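K.L.:
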Amino acid sequence: MIESQPIHVFAPQALDVKDPAAGYFAAVSLDDFSAESVAATTVYSRKDFYKISLVTGNSSYYYQDNEYKIHTGEWVLVFTNCETPYRWEIHEGSCSGYSCMFTEDFLPLHTYIRPTDWAVFNGSAQSVFKLTDQERTFFADLFQKMITEQASAYAYKYDLLFIYVLECIHGALKLQPDSMPRSQTAASRLTEAFKNLLSGQFPLLYPHQQLTLRTAQHYADRLAVHTNYLNRALKEVTGKTTTQLINERLMQEARALLIHSNWSISQISTSLGFEEPTHFARAFRTHTGQAPSSFR
Numbered sequence: 004m005i006e007s008q009p010i011h012v013f014a015p016q017a018l019d020v021k022d023p024a025a026g027y028f029a030a031v032s033l034d035d036f037s038a039e040s041v042a043a044t045t046v047y048s049r050k051d052f053y054k055i056s057l058v059t060g061n062s063s064y065y066y067q068d069n070e071y072k073i074h075t076g077e078w079v080l081v082f083t084n085c086e087t088p089y090r091w092e093i094h095e096g097s098c099s100g101y102s103c104m105f106t107e108d109f110l111p112l113h114t115y116i117r118p119t120d121w122a123v124f125n126g127s128a129q130s131v132f133k134l135t136d137q138e139r140t141f142f143a144d145l146f147q148k149m150i151t152e153q154a155s156a157y158a159y160k161y162d163l164l165f166i167y168v169l170e171c172i173h174g175a176l177k178l179q180p181d182s183m184p185r186s187q188t189a190a191s192r193l194t195e196a197f198k199n200l201l202s203g204q205f206p207l208l209y210p211h212q213q214l215t216l217r218t219a220q221h222y223a224d225r226l227a228v229h230t231n232y233l234n235r236a237l238k239e240v241t242g243k244t245t246t247q248l249i250n251e252r253l254m255q256e257a258r259a260l261l262i263h264s265n266w267s268i269s270q271i272s273t274s275l276g277f278e279e280p281t282h283f284a285r286a287f288r289t290h291t292g293q294a295p296s297s298f299r
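Sequential numbering from 4 applies to the sequence shown in our numbering.
1. For Phe205 and Val168, I'd like the C-alpha separation in whole angstroms.
2. Would you kindly work out how many angstroms separate the C-alpha atoms of Val31 and Val81, rounded to a whole number?
3. From Arg277 to Leu216, what distance separates their C-alpha atoms?
4. Mapping the DSSP letters down to three states, classify His94 as helix, strand or coil.
5. Should Ala300 go down as buried or exposed, given a rule of 16 or more other Cβ atoms within 10 Å for buried?
6. Within a Cβ cutoff of 6 Å, which residues of the same chain sit near Ala214, ignoring the five residues on either side of it in sequence?
7. Out of Thr230, Leu207, Glu170, point me to the one whose CA is closest to Phe197's CA.
8. Taking the continuous alpha helix (DSSP H) assigned at Ile268, which residues delimit it?
9. Of all the options Trp78, Phe165, Leu178, Pro88, which has the alpha carbon lying nearest to the alpha carbon of Asp136?
10. Taking C-beta to C-beta, are Ile268 and Pro295 nearer than 8 Å?
11. Quick check on this structure: which residue in Val123, Ser62, Ser99 has the alpha carbon closest to the alpha carbon of Thr83?
12. Around the Cβ of Gln212, are there at least 16 other Cβ atoms within 10 angstroms (buried) or fewer (exposed)?
13. Tell me whether Phe146 sits in a helix, a strand or coil according to DSSP, three-state version.
14. So, with DSSP's three-state summary, where would you put Ser102?
15. DSSP on Ile5, reduced to helix/strand/coil?
16. Specify the secondary structure class of Phe298 as computed by DSSP and reduced to three states.
17. Thinking C-beta only, is Pro111 closer than 8 Å to Tyr53?
18. Is it buried or exposed, Leu256, if we count other Cβ atoms within 10 angstroms and call 16 or more buried?
19. Going straight from the alpha carbon of Glu70 to that of Val228, what length do you get?
20. Can you give, in chain order, each stretch of the beta strand (DSSP E) that sits fully within the segment 224-278 and has at least 3 residues?
21. Could you tell me the distance, in whole angstroms, from the CA atom of Leu207 to the CA atom of Glu152?
22. Glu70 by DSSP, collapsed to three states: which one?
23. Measuring alpha carbon to alpha carbon, tell me which residue in Pro210, Asn234, Gly60 is nearest His221.
24. So what does DSSP say about Gly174, is it helix, strand or coil?
25. In the DSSP assignment, find the alpha helix (DSSP H) that holds Phe28 and state where it starts and stops.
26. So for Tyr209, helix, strand or coil by DSSP?
27. Looking at the structure shown, is Phe283 part of a helix, part of a strand, or coil, going by DSSP?
28. Buried or exposed for Tyr209, going by 16 or more other Cβ atoms inside 10 Å?
29. According to DSSP, which residues form a beta bridge with Tyr65?
30. Please say whether Phe142 and Cys98 have beta carbons closer to each other than 8 Å?
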């Protein structure tokens, strides 16, 4: 068994700690990594963030019992998730390039997409890409845009950074063989319909606004399926139950309202469909480890 050793890279001195989103995303040049951070990559470990790396240097990347060897002068694009341990080994000299790291909270509130919905992160598709010079230039430009935008004072920079991350992901997906099957099963179609329905409930804009769909039964009724069937389909596709997915999205909205609105905790609780503020506080603490007032 490989022991999990999370390594936090979101250094407060490198980011704007006054910005709530600053702890959820970081784009860096590998030349700026400390010796300690480089040494940590040689140990098999899981991280508590998703990572996209553009790397060159005489090295090996070890992932899922596979070794991907990078020769001097070659460039690779690598996607790593929070679940699968990996490590790097530098054979000679040093590596250079770029990385961007983000947590689920980096994704905009208006999207139902989670990082594991992208094939490059969930293990269902290729996650390591050797690049041509033209491809390397394309991705290097994206990383440079991320680093520049991260340091800007633009009010909506994280929306723009999300677009750059998406462009990086879809740029990689275009490198996949065209013969890759894109199956659309009944379960995947139902999951897509559920996610659209869930996403359509948010964001909450006014304190008197209340969710119309709050339980697994509500969603099953709207989708005209039995709750057990909906649960099986979601479990098959996402690995999570209907209730888990609903609660995750509720807590995502709760965090946003606590940070960005002046609604009282009681108003937030009511809008999210909780009968009592104490029920909301208990659910929020279970999900985040903090009371709503402390989080705010």
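Ideal Cβ placement from N, Cα and C applies to all residues, glycine included.
Small disclaimer: the values here were computed from a predicted structure and weren't measured.
P.N.:
The short version:
1. 23 Å
2. 15 Å
3. Sequence inspection shows Phe at residue 277; the Arg mentioned does not correspond to that position. Each residue's alpha carbon lies about 12 Å from the other.
4. strand
5. Look at the range of the chain in this structure, 4 to 299, and you will see that residue 300 is not part of it.
6. Note that residue 214 corresponds to Leu in the displayed sequence, not to Ala. Gln204, Gly276, listed in sequence order.
7. Thr230
8. 268-274
9. Trp78
10. yes
11. Of the candidates Val123, Ser62, Ser99, the one whose C-alpha sits nearest the C-alpha of Thr83 is Val123.
12. exposed
13. helix
14. strand
15. Low confidence applies to Ile5: its pLDDT is 28, below 50, so where it sits in the model is not reliable enough to give any reading.
16. helix
17. no
18. Here the sequence assigns Glu to residue 256, which means Leu is not the residue at that position. With 16 or more other Cβ atoms within 10 Å, it is buried.
19. Spanning the two alpha carbons is a distance of roughly 45 Å.
20. none
21. Leu207 and Glu152: Cα-Cα distance of roughly 28 Å.
22. strand
23. Asn234
24. helix
25. Counting along the chain, Phe28 falls outside any alpha helix (DSSP H), though it belongs to the beta strand (DSSP E) covering 28-32.
26. coil
27. helix
28. exposed
29. Glu70, Arg90
30. no
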